[in-house]
Structures are given as structure tokens and as C-alpha cells.
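Asker: Okay, handing you the structure first.
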Ligand code: AMP
Ligand code: GLY
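Structure follows, in C-alpha cells:
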């Protein structure tokens, strides 16, 4: 089997490493991949959003199965384009990827089908939004409608902050067209849980739960990032909550998408908040989370390719999806200054003995040397029987990896460890 993975971050590296465990896989291509992925797959210099080129490449190279991992190509119709060429894919078509591509769509979907989420208002007119904020409850949450590189959500603690956020999205267009419409929603509180799920549009199989650490600094301080580390499972997410979420959120979402004529296949990610009034959806993603994937897939005992193909073929109900009864911790190493300004081009050294545990997010290969090439540079994942062992081993690995200006949080998993002891 020749596989194509679209994307080039740590998540894609984790997917590729897992797919390689299947003996029928003979070759994996990545568009564009990165300098680290190049050790495990053939990287092709085509950007993840260059859909026509990706489809042409897949045809020319007789790709048997494609995995489209990032949000942008999914929302832009990469799966549609590949399927038109007869190439089976993992991932939703554009008409279903809209569940992430438009917050207005997803909020309206949840309202229409009674799926628990924060109360909200939609605005296309800036003055109306500003007037609404004169009396709206504070704190409040401002969200750009479209994709915004994970930065389109502002938690405003004051009315001024809220109004500034609205102006920056709707007048200054900091997120371009993504800010043409905005959602202003109720501020919720409670522990957050990420639940990735496999679905073929009929059956939904939640993967092991996880916890992201989005802020740049220890103790959840500093700016929001793409994710500084993850642990799985998430101790807040009990078996009872899992059952409640299945009945009130997961199954109703799959049914809602079918009722709208937007069958969702692939990985549907539920970003949940466990509020005092029960679990509520904070966001949907139409794809694997990053860096959740880097702790979830190492715990998957079943064959990933088989499960992925079952989502494509509609046979998920008959397919075993099994996770190890263990814990995983992923610590992200970033470039100092991330998520704002940072430097690139520093040589990286990663000991060979830990390569299987390392997922490279931003690196370039130059003259045989691996150089940092992004804000998030890599993640190191450890799997162990207990969470504290997993955290300990992940940090031991991180300390053996070197590049100048490396930065990482020191408290990944600390909150989960505390919650698990209560
Ligand atoms: P997102 O970019 O959609 O992942 O949102 C980023 C983060 O903003 C989430 O992980 C939450 O921590 C926070 N957030 C989003 N919506 C709300 C809300 N309604 N109430 C409180 N926090 C929220
Ligand atoms: N870790 C959150 C995301 O992938 O959007």
C-alpha cells in the first residue's frame, strides 16, 4: 500500500509513525512533511493547501489511501478532490469539515439539535456587536467565524477588551475574511477535555480522552499557543461522563450532520468543558488535534490503517478499536519567543534511542543537519503504567534533546496528576 499523508507537523509525524506499524504499508509520502518526518516518509514539496497539485501527485504516484490531517485542506475540499480521482481518503469532505470551518455553522447546528454549548449571538455588523457588548455579561468570549490558525478566540475579561477584539476582527480584519462574522458567547468554566473520535458517519468510536495545555507558560499563564503538551487519559473524564457525552453530544452530533446532508467521516474532535451544569461543547475540530494525537495514537493498540479504512468504508461498527490501559505524556519543545517572535535555523540533536518517541513539528533538513524551522519544534511522548511515570520519562527525554533557544513548559501533566489524586 502506498499512502499519502497531507500535512507537515507533529500530528502528521505521529500518524505516519503509527501507519508504518502496518506491514502492508510499503511507502508513505507526506505533502509537505518536514525535515524530521523525512526520516520516516518521503517528503514532497507541495503545500498542504495546494489541493490540485496534491490530487495530481496522488494520481501520478498511484496512491492507495490518503490521510488529510490539517484543517485548511479539509475545509478547502482536499478529500473531495482526491475522491474525484478515485483515491479513498481518511477525513471529511468540505461540506462536513465546515463543522470546524465555520463557528457560526457549528453553533447553529448545536442550537438546532439541542447539543449543549455556551449561549451565543452571531454578528455580521460591527456596530450591533459593540452595542450588544454594552450590556453583555463579562467575561465574554469573542470568536472569529472562520479558521484563524487557532488564534481566533479571545477571552475578554473587560468590556474594553471585548470591544477591542470585535474591532480588530471586524474592522482591522486581523483574521481576514474569517472575521466577517463573529460569535459572542457565554464564558464557561470547568476542566477542559479533548475527545477525538473515529466515525464513519454511522458509528462513533471515541478515542482515549486527553488534556491539552494551551498557554505558553507554566501554571496556564501567558499567551495561547497551538498546544504546549498533552496527557492521556484525562482524569476529569470519568466513565460516567463518557457515557453522558455519548448520549448528549457525540451521537446527536453525528445524527445532526446526517440530518443536514453533511455526513462526517474521519476524526471528529470534541473540545469539551465540564461545567457545573454538565459537559458542553467548546469547539468541534474536523481532524485529529495537535498535540493530542501525539499522546492518543501511542496508546492505540489496534492497527491505525485498518481503523481509518473502516471510517472510509462504513465498517467501523465491525472494527476493533482498542487503547492500552496506560498513560501518555507529550512535552512540546518550542523556540523561545513562541507564539510571537522567535528565531529559526538552530541545529537540533535528538538521540537515536528516543527517535520512536519524538514527533517533529517544525524542522528543516539542510546538508544532512536537522535545523529548527518553526515555533513548535517537536514533542517527546512517553507511555507508562502511571501518569507520574509518563511525565517523568517525557521530561527525561526532553533533557537529552538539544537546540539553542529551546523552551518548554515544566508542568505538563501536573494538573492532571493533582486531579487524579483527588
Ligand atoms: P479554541 O481556539 O476554539 O480552541 O479556543 C481556545 C480556548 O478558549 C479553549 O480551549 C478554551 O480554553 C477557551 N474558550 C473557548 N470558548 C470558551 C467559552 N465559551 N468559555 C470559556 N472558555 C472558552
Ligand atoms: N490542540 C488543539 C487543536 O488541535 O486544535
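Numbering (the working numbering), first residue to last: 9 to 430. Ideal Cβ placement from N, Cα and C applies to all residues, glycine included.
Can you tell me whether residue 21 is helix, strand or coil according to DSSP?
Answerer: helix
Asker: Is it buried or exposed, residue 361, if we count other Cβ atoms within 10 angstroms and call 16 or more buried?
Answerer: exposed
Asker: Using the Cα positions of residue 29 and residue 186, report the straight-line distance between them to the nearest angstrom.
Answerer: The C-alpha of residue 29 lies about 39 Å from the C-alpha of residue 186.
Asker: When DSSP labels each residue in this structure, what does residue 273 get in the three-state scheme?
Answerer: DSSP places residue 273 in coil when its eight states are reduced to three.
Asker: Considering Cα atoms alone, identify which of 378, 294 and 127 is closest to residue 195.
Answerer: 127
Asker: Just the C-alpha distance for residue 378 and residue 277, rounded to the nearest angstrom, thanks.
Answerer: 32 Å
Asker: Just to confirm, are residue 26 and residue 259 a CB contact at a threshold of 8 Å?
Answerer: no
Asker: For residue 425, is the beta carbon positioned less than 7 Å from some heavy atom of the ligand AMP?
Answerer: no
Asker: Terminal residues of the continuous alpha helix (DSSP H) containing residue 175?
Answerer: 167 to 178
Asker: Would DSSP call residue 253 helix, strand or coil?
Answerer: helix
Asker: Please list, following the chain, all residues that have a C-beta closer than 6 Å to any non-hydrogen atom of the ligand GLY.
Answerer: 158, 220, 235, 293, 297, 298 and 300
Asker: Identify the residues that DSSP records as bridge partners of residue 232: which are they?
Answerer: 223
Asker: Could you give the uninterrupted runs of the beta strand (DSSP E) lying entirely in the segment 126 to 171, keeping only those of 3 residues or more?
Answerer: 128 to 131, 148 to 152 and 161 to 164
Asker: I need the boundaries of the alpha helix (DSSP H) containing residue 260, first residue and last residue.
Answerer: 259 to 267
Asker: So the candidates are 244, 18, 111 and 86; which of them puts its Cα closest to the Cα of residue 291?
Answerer: 111
Asker: Going by CA-CA distance only, name the one from 380, 113, 10 and 21 that's closest to residue 294.
Answerer: 113
Asker: DSSP beta-bridge partners for residue 218?
Answerer: Its beta-bridge partners are 202.
Asker: Taking Cβ to Cβ, would you say residue 8 is nearer than 8 Å to residue 339?
Answerer: Summary: the structure shown does not reach residue 8, with the chain confined to residues 9 through 430, and so no result is reported for it.
Asker: If we ignore side chains and look at the alpha-carbon of each, how far apart do residue 5 and residue 131 end up?
Answerer: Nothing can be reported for residue 5: it is not among the residues displayed for the chain, which extend from 9 to 430.
Asker: Looking at the structure shown, is residue 2 part of a helix, part of a strand, or coil, going by DSSP?
Answerer: Examination of residue 2 is not possible in this model, given that the chain is present from 9 through 430 alone.
Asker: Could you check what DSSP says for residue 89 in three-state terms: helix, strand or coil?
Answerer: helix
Asker: According to DSSP, residue 40 sits in a beta bridge with which residue or residues?
Answerer: DSSP lists 15 as partners of residue 40.
Asker: Please report the residue range of the alpha helix (DSSP H) in which residue 327 lies.
Answerer: Going by DSSP, residue 327 is part of no alpha helix (DSSP H) at all; its letter is neither H nor E.
Asker: Does residue 382 come out as helix, strand or coil in the three-state DSSP assignment?
Answerer: coil
Asker: Can you tell me which of the three DSSP states residue 389 falls into?
Answerer: Note: residue 389 maps to strand in three-state DSSP.
Asker: Quick one: Cα of residue 426 to Cα of residue 249, how far?
Answerer: 19 Å
Asker: Let me check you understand the geometry: is the CB of residue 191 closer than 7 Å to at least one non-hydrogen atom of the ligand AMP?
Answerer: no
Asker: Using DSSP's beta-bridge definition, name the partner residues of residue 335.
Answerer: 392
Asker: Compute the distance between the beta-carbons of residue 44 and residue 368, then report whether it is under 8 Å.
Answerer: yes
Asker: One question on the structure: do residue 272 and residue 209 come within less than 8 Å of each other, judged by their Cβ atoms?
Answerer: yes
Asker: Can you give me the Cβ contacts of residue 78 inside the same chain, cut-off strictly under 6 Å, excluding the 5 residues immediately before and after it?
Answerer: 15 and 56
Asker: Check this for me: beta carbons of residue 257 and residue 123, under 8 Å apart or not?
Answerer: yes
Asker: On the CB-based measure, 16 or more other CB atoms within 10 Å of its CB, does residue 19 come out buried or exposed?
Answerer: A residue is called buried when at least 16 other Cβ atoms come within 10 angstroms of its Cβ; residue 19 meets this threshold and is buried.
Asker: Grab the span of the beta strand (DSSP E) containing residue 373 for me, first residue to last.
Answerer: 371 to 374
Asker: If you compare alpha carbons, which of 143, 357, 157 and 183 is closest to residue 167?
Answerer: Selected option, being the one with the closest Cα: 143.
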